[in-house]
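Number of protein chains: 2
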Amino acid sequence: MTADSKLDSKLTPLAQKTRLAARSLALEPIARRNAALESIADALLEQSAAIVAANQADCAAAAEDGTSSALFARLKLDETKLKAAIVGVRDVIKLADPIGELQIHRELDAGLVMKRVSCPLGVLGVIFEARPDAVMQISSLAIKSGNGLILKCGREAVRSCQALVTAIHAGLTRAGFDPNLVQLLTTREETMELLKLDQYVDLIIPRGSNSFVQFVQNNTRIPVLGHADGICHLYIDEAADMTKAIPIAVDAKTHYPAACNTIETLLVHETIAPTALPQLADALIAKGVELRGDAKTCGILPNIKPATPEDWATEYGELILSVRVVSDLSAAIEHITRYGSRHTEAIVTENEKTAAQFLSEVDAAGVYQNCSTRFADGFRYGFGAEVGISTQKMPPRGPVGLEGLVTYKYQMVGTGQIAATYSGNDAKPFTHRDVSDLSE
Amino acid sequence: MTADSKLDSKLTPLAQKTRLAARSLALEPIARRNAALESIADALLEQSAAIVAANQADCAAAAEDGTSSALFARLKLDETKLKAAIVGVRDVIKLADPIGELQIHRELDAGLVMKRVSCPLGVLGVIFEARPDAVMQISSLAIKSGNGLILKCGREAVRSCQALVTAIHAGLTRAGFDPNLVQLLTTREETMELLKLDQYVDLIIPRGSNSFVQFVQNNTRIPVLGHADGICHLYIDEAADMTKAIPIAVDAKTHYPAACNTIETLLVHETIAPTALPQLADALIAKGVELRGDAKTCGILPNIKPATPEDWATEYGELILSVRVVSDLSAAIEHITRYGSRHTEAIVTENEKTAAQFLSEVDAAGVYQNCSTRFADGFRYGFGAEVGISTQKMPPRGPVGLEGLVTYKYQMVGTGQIAATYSGNDAKPFTHRDVSDLSE
């Protein structure tokens, strides 16, 4: 506890209230937390007209500012999108309770029993840009997992988010919960203050551009769940089935070019490059993809642009794909190790030994054989929700569901035991017997 | 991947070699990793004379420098201690394999199967002070868990650690492993370089003083496993059984005063304070403990020193205990929330409702009823080893065993599946069926 981190921020009183509210929420049984979500869904439905109107005002202001169509699409929250988001809140009710899970249940000695139990993190700080529907999704996940939430929305979405949080507060209050559980910040200055609240905020989830996520990572002592970049690769091995390789390459590049699980570089084994590259190029160019190749690739595909060294380290986020011919699996893994961001890496091969080596040796949150990198997603993994994708080495890693919003504590119940009994020359041995019924 | 983090350090070539060696180790089956440990244990035994002689030279130099007796005791590695440490290396062989554990096994659709499998972190950076036996312990845990290791030892222990690492290298080489798996750094300048190697080192484990751990936490982007302080509390509730409370208080304060799981403050319910405090004080003072009380405590124990506000925020690390009378459970929890370092907190009470509230509401890695805080330890928890104790909120938290040296990856094997099939208007649904035999 440094003097530094105890410095008061303008946001301290707000964060303390949220922390207090979260402490009570953490004690509520799952039925009560689900009742809060029901009540929030009802309030959102009741206040739909006001929410849509607030969003129309945001959209009108954005249109005046000459906002890009992509941002505009994310900002817009019409009745259809709002209703779908409310269904999303009710879907969270169906998820299993992430807290109170008994992970270890062990007798250390007669009458001295240890349990490791999952519990909420405390308070989450979520900073997002234009999409107002994120308010509903992240609020429901936070409440489900017993956490308080401090939201910071983008400038463009302030009216929409305020209307949404007003409805969430109404829902919480009606269900008998403290509305301080969910707070909304709206200014850039408050973002900086939020990042300093390491005494009160347990996890920051930034949702925005790569540079924004990197800024957050570099400017807080609070753990950050997220990833700054997603440079994913697809390696077409010499033993690839091209009827799989071509659709996978097209899907992995073009299904959603801006997504982090989209590939930026295609690696092709040199043995098959002369036949495989023209087929791959035809399919990709037909989908509007610009290819940039290394010297060997350009030797086979003379009409494409040459790749520069920067290309291998670039997340395009659009329909551009760099292509490199590699001499073997090791060269492919070398390339991925050097340039990959440990997000998701895929191989197409029918050789099981090669596949096994790729899946073992490649260091990434996701390592795939014979399927698209685009499957890297919490919903597709069956987590029911996704709170973020982490490219960090330590867990939680990859697509993170509700599991990422909880931690655990060790609860020990004794009958007067002291450590001195179990140490020294006539130390009593521990029994260390796992209690078999972990489901109690 | 920032330009920043790609800057070359003098240690880069060394770290790259360790990373490469670790990548091979990660592929070795448990029998081979255990064989490496056997060979290391044998080599340490064979080179015992050289190791003990090197340690004697370190001890002689330390004696000349007028080293404190506590440091001297930690530095000393005689034949008895060395033999015990070699037994420790062989004990690690008996631990379960932490890598390759199948954590999730799920069919997303027919022919598209996802596994979440535990895997090594990669390279560990361990910075420790005087104790040379840490070299053997941490090297064996690193190899068991498939990780490379860069060790940095304290100035006083350089000769001892070099002799130990020479033996470890001999053992690795003889078993057919790359000796670059374990590297030893010896200068302070190298510590600073090590902290910058976020491209090559996945976890830093600092072992040293609180201020040193805090320094490490503030000067690296690499995740740090450890804790800067351990301010633990014991709360004696009004429903306490004093025949338990007194030995627990004595054990929790005096069993090992310098340990992080030792209590620094005793909180006593005001209803029982007039009778309980004199008994507690007698027992503690008999063990040489200096008490410092708040006004109410001093009213009951007029001969003790008054506590200042700084006392509540101080980890004494010696036989001093601050004592405060609290009005009820909530006041005790308030005090712990404000001053505790989320390490280990205990209550003595026979009231199960009070205990349940304490165990739920207190935010700490360990929350105990009716036993000493001194049980917070990886060996006592039955983990077989302890790599550190974390007071961070995110897992791994509390005493951390081999589990803290591994992460996981998602391995997906398909038969040509693409994401487009599962999205849009006629999206194919996922099956999301957990494969029941998780032990395969």
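Protein sequence lines, in the order shown, are assigned to chains X and U.
Taking the working numbering, the leading residue of the first sequence gets -19, the next gets one more, and so forth.
Taking the working numbering, the leading residue of the second sequence gets -19, the next gets one more, and so forth.
Each residue gets a CB set at the ideal place from its N, CA and C atoms; glycine is no exception.
### Message
On the DSSP letters alone, give me the boundaries of the beta strand (DSSP E) that V306(U) sits inside.
### Response
I300 to V306
#### Entry: For S321(X) and I327(X), the rounded distance between their alpha carbons
16 Å
### Task
Compare the Cα-Cα distances from L(-6)(U) to each of Q163(U), S4(U), C39(U) and A29(U) and report the closest residue.
Q163(U)
### Message
Run through the DSSP bridge pairs and tell me what Q349(U) is partnered with.
### Response
V393(X) and I327(U)
### Query
Measuring CB to CB, does I243(U) end up less than 9 Å from L214(U)?
yes
#### Entry: Chain-ordered residues of the segment 331 to 355 of chain U with a beta carbon less than 9 Å from chain X
A335, Q337, L339, S340, E341, V342, D343, A344, A345, G346, V347, Y348, Q349, N350, C351, S352, T353, R354 and F355
### Query
From what residue to what residue does the alpha helix (DSSP H) around F338(X) run?
E332 to E341
### DSSP three-state assignment for R322(U), whether helix, strand or coil
coil
### Message
Give me the chain X residues within the contact set of H207(U), using Cβ-Cβ distance strictly less than 7 Å, ordered along the chain.
### Response
Here the premise fails: no neighbours, minimum Cβ distance about 11 Å.
### Query
Hey, quick one: how far does the alpha helix (DSSP H) through E173(X) stretch, first residue to last?
R168 to K176
### Query
Between D77(X) and the rest of its own chain, which residues show a CB-CB distance below 7 Å, the 5 nearest in sequence each way excluded?
I10
### Task
For the alpha helix (DSSP H) containing G68(X), list its first residue and its last residue.
E59 to K74
### Query
Beta carbon of L382(X): closer than 8 Å to some heavy atom of the ligand ZN?
Among the components of this structure there are no ligands whatsoever, and the ligand ZN is therefore not found.
### Contacts around L55(X), its chain only, beta-carbon distance under 8 Å, and the 5 residues preceding and following it disregarded
N35, D38, C39, A42, T47, A110, R111, P112, E136, A137 and S140
### Task
Tell me, please, whether the segment 231 to 247 of chain U touches the segment 346 to 359 of chain U by the rule of three or more beta-carbon pairs shorter than 8 Å.
yes
### I398(X) at chain U interface by Cβ criterion, 9 Å
yes
### Message
To the nearest angstrom, how far is the alpha carbon of E250(X) from that of G273(X)?
### Response
13 Å
### Task
Determine the DSSP secondary structure at K(-3)(U), reduced to helix, strand or coil.
helix
#### Entry: Proximal residues of chain U, C-beta to C-beta of D406(X) below 7 Å
Result: empty, since nearest Cβ-Cβ is about 15 Å, beyond 7 Å.
### Task
Could you please tell me which residues of the segment 375 to 396 of chain X, in chain order, have their CB closer than 7 Å to any CB of chain U?
P375, R377, G378, T387, Y388, K389, Y390, Q391, M392, V393, G394, T395 and G396
### Query
For the putative contact between K95(U) and Q391(U), defined by C-beta atoms under 8 Å, what is the C-beta separation to the nearest angstrom?
5 Å
### Message
By the three-class DSSP mapping on this structure, what secondary structure does C240(U) have?
### Response
coil
### Helix, strand or coil at T245(X) according to DSSP, with G and I counted as helix
strand
### Message
According to DSSP, simplified to helix, strand and coil, what is K(-14)(U)?
### Response
Only weak support is given to the placement of K(-14)(U): the predicted model assigns it a pLDDT of 47, under 50, and the question is left unresolved by the model.
### Query
Are the C-beta atoms of S125(U) and some chain X residue less than 9 Å apart?
no
### Query
Can you find a CB in chain U that lies within less than 9 Å of the CB of T223(X)?
yes
### Message
Please list, in chain order, the residues of the segment 170 to 189 of chain X that have any C-beta partner in chain U closer than 8 Å.
### Response
D182 and L183
### Paired residues, beta bridge with I130(X) - DSSP
G105(X) and Q163(X)
### Query
When DSSP builds the beta bridges, which residues end up paired with G368(X)?
V380(X)
### Query
To which residues does DSSP link Q387(U) through a beta bridge?
Note that residue 387(U) is Thr in the sequence shown, not Gln. Looking at the DSSP assignment, T387(U) forms a beta bridge with C99(U).
### Query
Name the chain A residues that come within less than 7 Å of L92(X), Cβ to Cβ?
In the structure shown, chain A does not exist; the protein chains are X and U.
### Message
Between D113(U) and chain X, is any beta-carbon pair separated by less than 9 Å?
### Response
no
### Task
Please report how far the alpha carbon of G378(U) lies from the alpha carbon of P203(X), in whole angstroms.
17 Å
### Task
Count the C-beta pairs between the segment 61 to 72 of chain X and the segment 168 to 178 of chain X that are closer than 8 Å, then say yes if the count reaches three, no if not.
no
### Query
With a CB to CB cut of under 7 Å and the five nearest residues on each side skipped, what residues in its chain are close to L264(X)?
A229, V230, K233, L271 and L301
### Query
L7(U) versus chain X: which residues are under 9 Å apart at the beta carbon?
Q337, S340 and E341
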